[in-house]
Every structure is written in C-alpha cells, then in structure tokens.
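Engineer: Quick one: structure below, then a few questions.
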Amino acid sequence: MEETIEKYLTDKFKTKLHNSPRVRFFRHFVELESLINKITTSESPPKRSIKGQLYCLNNILEECQMLARKQSLSLPTVLSPSKFQISRTLDKIKQELHQIIANSQENFPLLPQRLEASRRSSRWVDPPRVHGLENEVVTLEKMLLQPGKSSDSFQAIAIIGMSGVGKTTLAQLVYTKEEVKTQFLPRIWVSLSPQPNMAANPREAIVKKLLACLGVETDIISSIENHGLRGLLYALHLQLLGKRYLIVLDDLWDSNPWHDNDAWDGLPKGYGGSVVITSRSEKVANIMSREDNVLHLQPHKNPEICWCIFKDEVEKDGEELDDDNIDKLKPEVEKKSAGLALAAKVMGEIFYEKRKAKEVSEHGEIHPQES
C-alpha cells in the first residue's frame, strides 16, 4: 500500500512539473525529481518512506503554479507564501532525500563509481590476496609455456569476460611469474582503457605506447610519427626483431581498431613472441586469437571467494571483523558483489575507509582547528 501511494504521488509530481508551464524554482524541482528517481530505482530499498516529502512537494508545486497564474493575471499575492519560505522548504526536502539515499547505502555508498575508478587504476595485484583464479593461472601459464610449443612460433591469447570479473588480475598474476620473466624478454604491459589522447588515432597511439615501453625516446617517436602508422609499425618491428617478447594489451575495447585487417602487423613472427589481450568483447577475442586460445572468465559461483576478497581488504591492518559484523555483512557482500572479485574488493575498501574514519572521529585524532 505504501509503495502504491508513493508511486501515485511521484507520477502526479512529474506530470504536473513537465506538463504545465514552467514555474519559479523549476531547476530545484528537477533536481529533487532526480533524487526521487535515484531512491525509487535503487537496488537497495530505502529504510524510510518518502511519502511525506512527496505530499509536500506536490503542495509546493501547486502553490508555485498558483503564484504564476496570479502574476500573469496581475492579481495580489499578499496571502501567498514568500519565495524565501518556498526555497527553505525545498532545501529541507532536498536534505531529507539525500539522507535517505545515504542511509540506504549505509555500508557501500557510490559502489558503481568506485568500481569504475578501481577498474581503471590498474594497480598491480598482491598474489596472496587473490582468490578463485588458481585454475585459470595454471591454464594461462601453460598456454604461454607449454612444452610442445615451438620456440619459433607466435601466438595471441585472449582473456574475455565482463567488467570486474578478474581479467586484468589473471593477466598480472601470470605476467609477474618468475617462469614467465625467464622465458620472455622484453615484457610490455599497455593499458588501453579509453583515454582522450587516444581518440583521434587509437591504433597509432597504441604503437607509440609500445615503442615508449621499449625505451624509444619521445623525440624519436615524434619524428617516426611523421611517416604515419606504417612508419610506427616498422619501427616496432625493428625493436622486437629476434626477441621472444610478451605483450599484454589490457582492456581492449571493440571501438579500438587495432583488430582491423591483420591485427598483428608490425610484430615479428618466428621468435616465440606472444601477445595477451584482455577484453569484454567476444568479437574482439575471436578476431585476434584462435578459438582454442581464448579464456572465458565467469563470475565466481562460490560466494565464499568474494567474501574472502572482502575480508582481506577490510582486515589488511590486522584488525579482524567481529562476529556481529560478519553476520550482518556477509549476506550483503555475497549479494551485491554478484560473484565479481572487483566488486567485493571495492566494497572492502569502502568499509575499511568508513571504519577508519569512525575511529578517528571517536578518538578525536583530527581537530578542526588543526586543519
């Protein structure tokens, strides 16, 4: 019943706001509408009803529309509420809605934004704190170092899966293994997450990154750039000729035209070189590598894996979770992480930061006058 009333009041507010002439404070009403949408579409249901705020908003909107009609007819407005009163009431509703949103995200606020920021940061992993990828590490390592692999061959391996599933982590684990370091020289890691400076000529930007990683000086790359993509690829070929190299292209998007035509133009073949790409796109993987050289990563089915990742992040300073916290948090972590390692890690970071902030506040370690 409560939800039905809220939906009715929400629809009534939106209809009156957008299907009537614009009123004073329109921008404020639109901002409040955005907050209402955030609450009503949230995966975490709010702990408080917003029925009272919706009643008040509908009344204020009607008052503003009445004021607009009076002004258009040059009628006196002595008994109407002042602009100051309306503004103050709208600000109060705005604060209340923000508080409701904050309470509904009590443990893990702004998770999607934090996920994206963490995904793009490409921090190197700490192997002991990685869970659930043991089999995949063995598989990828064998693909790179398999005994039957001829030392003069070339291969491209693709790791694909949805964002946050662990593609970059898997590639990093194998890239840093001593056996891999011994077999491949040079080893080059290039992150290809969308960047403004790559938008115009993404393929050239990738080759320039590879040359920079190989130690080619910036002014030399700039002079080669005058010869276009062909010149850059030729320079890359000369740098890698005769070497058993390993290149990782991390987070290759479908919009990157690297995989047009011959994906590996410029890379010398016949010296045992290998390329590993990580991508969310199966199309990219199929174009750039053979079917038997594609690793598909799926979200973890065992919820304990994400819980272990969360706990590692929360307890990184040695302070363990108590039983009450475990009973409260474990079901929420398992549900919200949805089997994605990155989601569990970010949730752990958020909880750790909140706990530390609370400790600082309670012990008075930071004083306003000192800042």
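First residue of the sequence shown? That's 947 in my numbering, and the numbers climb one at a time after it.
Glycine residues also receive a C-beta, built at the ideal position from the N, C-alpha and C atoms.
Let's see if you can read the secondary structure: which residues bound the beta strand (DSSP E) around Thr1224?
Structural biologist: Taking the sequence shown and counting its residues from 1, one reaches residue 1224 at position 278. Element bounds for Thr1224: 1220-1225.
Engineer: Pick out whichever of Lys1123, Glu1009, Val969 has its Cα sitting closest to the Cα of Val1084.
Structural biologist: Taking the sequence shown and counting its residues from 1, one reaches residue 1084 at position 138. Among Lys1123, Glu1009, Val969, the Cα nearest to that of Val1084 belongs to Lys1123.
Engineer: My output table needs one value for Val1136: the three-state DSSP class, helix, strand or coil.
Structural biologist: Numbered from 1 along the sequence shown, position 190 holds the residue referred to as residue 1136. If DSSP states are grouped into helix, strand and coil, Val1136 belongs with the strands.
Engineer: What does the Cβ neighbour count give for Gly1218, buried or exposed, with the cut at 16 atoms within 10 Å?
Structural biologist: The residue you call residue 1218 lines up with position 272 of the sequence shown. Gly1218 should be labelled buried.
Engineer: Which word fits Gly1112, buried or exposed, when buried means at least 16 other C-beta atoms lie within 10 angstroms of its C-beta?
Structural biologist: As a first step, residue 1112 is located in the sequence shown; it is residue number 166 there, counting from the start. It counts as buried.
Engineer: In the DSSP assignment, what are the bridge partners of Leu1267?
Structural biologist: Translated into the one-based positions of the sequence shown, residue 1267 becomes position 321. The partner list for Leu1267 (beta bridge, DSSP) is empty, contrary to what the question assumes.
Engineer: Rounded to a whole number of angstroms, what is the C-alpha to C-alpha distance between Leu1341 and Lys1300?
Structural biologist: Here the chain comprises residues numbered 947 to 1317, so residue 1341 is not present and cannot be evaluated.
Engineer: From Leu1091 to Leu1116, what does the alpha carbon distance come to, in whole angstroms?
Structural biologist: Within the sequence shown, the letter at position 145 stands for residue 1091. Within the sequence shown, the letter at position 170 stands for residue 1116. Distance between the alpha carbons of Leu1091 and Leu1116: 16 Å.
Engineer: Taking C-alpha atoms, which residue in Leu1007, Leu1003, Ala1151, Glu977 lies nearest to Val969?
Structural biologist: Counting from one through the sequence shown, the residue named residue 969 turns up at place 23. The residue with the shortest Cα to Cα distance from Val969 is Leu1007.
Engineer: Along the chain, where does the alpha helix (DSSP H) that runs through His1246 open and close?
Structural biologist: Within the sequence shown, residue 1246 is the residue found at index 300, counting from 1. Here His1246 belongs to no alpha helix (DSSP H), and DSSP marks it neither H nor E.
Engineer: Kindly indicate which three-state DSSP category Ala1151 falls into: helix, strand or coil?
Structural biologist: Here residue 1151 is taken as the residue at index 205 of the sequence shown, counted from 1. Note: Ala1151 maps to helix in three-state DSSP.
Engineer: Which term fits Val976, buried or exposed, when burial requires 16 or more other beta carbons within 10 angstroms of its beta carbon?
Structural biologist: Here residue 976 refers to the residue found at position 30 of the sequence shown. Val976 comes out exposed.
Engineer: For Phe1003, collect the residues of the same chain with a Cβ closer than 6 Å to its Cβ; drop the 5 residues on either side in sequence, then sort them by chain order.
Structural biologist: Counting from 1 along the sequence shown, the entry for residue 1003 is found at position 57. Looking at the sequence provided, one finds Leu at residue 1003 rather than Phe. Phe959.
Engineer: Are the beta-carbon atoms of Ala1102 and Asn1232 separated by less than 8 Å?
Structural biologist: What you label residue 1102 is simply residue 156 of the sequence shown in a count that begins at 1. What you label residue 1232 is simply residue 286 of the sequence shown in a count that begins at 1. No. Outside cutoff.
Engineer: What separation, rounded to the nearest whole angstrom, lies between the Cα atoms of Ser1235 and Ala1104?
Structural biologist: Here the question's residue 1235 lines up with position 289 in the sequence shown. Here the question's residue 1104 lines up with position 158 in the sequence shown. About 6 Å.
Engineer: Between which two residues does the beta strand (DSSP E) carrying Val1322 extend?
Structural biologist: A question about residue 1322 goes unanswered here, because the residues of the chain that appear run from 947 up to 1317.
Engineer: Can you find at least 3 beta carbon pairs, one from the region 1162-1174 and one from the region 1209-1216, that sit closer than 8 Å?
Structural biologist: Flag = no, the region 1162-1174 and the region 1209-1216 do not touch.
Engineer: Kindly indicate which residue of Cys1254, Glu1278, Lys1304, Asp1263 has the alpha-carbon position closest to the one of Lys1291.
Structural biologist: On the sequence shown, residue 1291 is found 345 positions in, with the first residue counted as 1. Ranking the options by Cα distance to Lys1291, first place goes to Cys1254.
Engineer: Use the C-beta contact count for Leu1241: other C-beta atoms within 10 angstroms, 16 or more gives buried, fewer gives exposed.
Structural biologist: Start at 1 with the first residue of the sequence shown, and residue 1241 comes out as number 295. Answer is buried; the Cβ neighbour count reaches 16.
Engineer: Could you spell out where the beta strand (DSSP E) holding Gln1101 opens and where it closes?
Structural biologist: Start at 1 with the first residue of the sequence shown, and residue 1101 comes out as number 155. Looking at the DSSP string, the run of the beta strand (DSSP E) that includes Gln1101 is 1101-1106.
Engineer: Rounded to whole angstroms, what's the CA-CA distance from Ile951 to Cys1252? Just pull it up for me.
Structural biologist: Numbered from 1 along the sequence shown, position 5 holds the residue referred to as residue 951. Numbered from 1 along the sequence shown, position 306 holds the residue referred to as residue 1252. Each residue's alpha carbon lies about 38 Å from the other.
Engineer: In the DSSP assignment, what are the bridge partners of Ala1238?
Structural biologist: By 1-based counting over the sequence shown, the position of residue 1238 is 292. According to the sequence provided, residue 1238 is Asp. The question's Ala does not apply to it. For Asp1238, which the question treats as bridged, DSSP gives no partner whatsoever.
Engineer: Taking only the alpha-carbon atoms, compute the straight-line gap between Pro967 and Thr961 and give it to the nearest angstrom.
Structural biologist: Locating residue 967 in the sequence shown gives position 21, counting from the first residue. Locating residue 961 in the sequence shown gives position 15, counting from the first residue. Approximately 11 Å, taken between the alpha carbons.
Engineer: Bridge partners of Arg1190, per DSSP?
Structural biologist: The residue labelled residue 1190 in the question sits at position 244 within the sequence shown. Beta-bridge pairing links Arg1190 to Leu1131.
Engineer: Under 7 Å Cβ to Cβ from Thr986, same chain only, skipping five residues before and after it: list those, please.
Structural biologist: Taking the first residue of the sequence shown as 1, we reach residue 986 at position 40. Excluding positions up to five away in sequence, the list reads Thr956.
Engineer: Thinking just about the alpha-carbon of each residue, which of Glu1259, Glu1087, Leu981, Leu1184 is nearest to the one in Pro1074?
Structural biologist: Residue 1074 sits at position 128 when you count from the first residue of the sequence shown. Ranking Glu1259, Glu1087, Leu981, Leu1184 by Cα distance to Pro1074 puts Glu1259 first.
Engineer: Beta-carbon within less than 7 Å of Asn1286's beta-carbon, same chain only, minus the 5 sequence neighbours each way: which residues are those?
Structural biologist: Working through the sequence shown from its first residue, we reach residue 1286 at position 340. It is worth fixing the name first, because residue 1286 is Leu in this sequence and not Asn. For Leu1286, where only same-chain residues beyond five positions count, the Cβ hits under 7 Å are Gly1110, Val1111, Pro1245.
Engineer: For the alpha helix (DSSP H) that contains His974, what are its first and last residues?
Structural biologist: The residue labelled residue 974 in the question sits at position 28 within the sequence shown. Segment 972-986, the alpha helix (DSSP H) holding His974.
Engineer: Return the chain-ordered list of same chain residues with a C-beta closer than 6 Å to the C-beta of Phe1100, the five sequence neighbours on each side being excluded.
Structural biologist: Residue numbering aside, residue 1100 sits at position 154 when the sequence shown is read from its first letter. Result list for Phe1100: Lys1215, Gly1219, in chain order.
Engineer: Where do the ends of the alpha helix (DSSP H) carrying Lys1113 lie?
Structural biologist: The residue you call residue 1113 lines up with position 167 of the sequence shown. Unbroken alpha helix (DSSP H) run through Lys1113: 1113-1121.
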